[in-house]
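> Before anything else, here's the structure in question.
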Amino acid sequence: MIRPLHPVEIFLQPGDHYFADRDTRIRTVLGSCVSMTFWHPQLLVGGMCHYMLPERGGERREGDWPAPDGRYADEAIALLMKKMDAVGASHKEYQVKLFGGGNMFPETNKNMNVMSQVGSRNVQAARRLAKQHGFTCVAEHLGDIGHRNVIFEVWSGEVWVKHTNVVSIAGLEPLNRRLG
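Quick look at the structure:
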């Protein structure tokens with residue numbers, strides 16, 4: 225896959241999604257959020273979402289459905305699937321990669337039940353939804369402590385990840401105290 229001379233650069237904020245052709249690079253930064261990349265190896269198109277929570281909370285009544293919101297896993301995937309449908313290829317032809325779901329507050333969360341941690345719940349949602357919709361998951365970098373920088377090159381399907389662990393600073397004094 226030849227790298228485009230001047231690729232389009234897209235940065236996803238939490239709740240964003242983007243679907244593009246081969247001339248695009250999509251980036252994001254993740255903590256407890258999760259990104260899923262979807263890539264079609266023959267058509268060289270793909271997309272990425274950056275969701276914050278596994279699902280929208282609260283009860284919904286018939287006819288009281290708000291517009292889909294990319295902040296929630298199930299809705300972010302639905303938004304991307306609409307764009308995949310417009311291309312005309314089967315969802316099963318896309319390769320999916322999963323990233324994120326880090327524990328950003330290890331000191332605070334160490335006594336909490338794993339199910340109550342947002343990152344863990346986001347990871348479970350990603351795996352469940354990929355399977356539910358028939359996608360083939362070919363790679364993942366999930367969980368652990370810290371944040372990730374994620375770069376998805378649509379022209380090749382490659383995803384680059386830089387994972388940075390959170391460092392506890394509980395034992396350090398603030399700089400102004402040491403100098404003052």
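By the numbering used here, the letter at position 9 of the sequence shown is numbered 233, and the numbering carries on one by one without gaps.
Just so you know, even glycine gets a beta-carbon here, dropped at the ideal spot from N, CA and C.
Please report the distance separating the alpha-carbon of Val385 from that of Ile234.
16 Å
> Rounded to a whole number of angstroms, what is the C-alpha to C-alpha distance between Cys237 and Ala310?
Rather than Cys, the amino acid found at residue 237 in this sequence is Gln. The alpha-carbon atoms of Gln237 and Ala310 are separated by roughly 24 Å.
> According to DSSP, simplified to helix, strand and coil, what is Arg345?
helix
> Alpha carbons only, please: which of Gly281, Glu377 and Ala300 is nearest the one belonging to Ser259?
Ala300
> Report, in whole angstroms, the separation of the C-beta atoms of Tyr275 and Cys257, which I expect to be a contact under 8 Å.
6 Å
> Whole angstroms are fine: how far does the CA of Gly370 sit from the CA of Trp263?
Our two residues, Trp263 and Gly370, have alpha carbons roughly 26 Å apart in a direct line.
> Based on the DSSP output, what are the partners of Gly324 in its beta bridges?
Val258 and Leu366
> Is the beta carbon of Arg251 closer than 8 Å to that of Pro231?
no
> Can you tell me the Cβ-Cβ gap for Gly294 and Asp240, rounded? I've got them flagged as a contact below 8 Å.
So it is a contact: roughly 6 Å between Cβ atoms.
> For the beta strand (DSSP E) holding Glu189, just list the boundary residues, first then last.
An answer regarding residue 189 cannot be provided, because it is not within the stretch 225 to 404 covered by the chain.
> His315 bridges to which residues according to DSSP?
Paired residues: none, contrary to the question.
> Is the CB-CB distance between Ala350 and Leu322 below 8 Å?
yes
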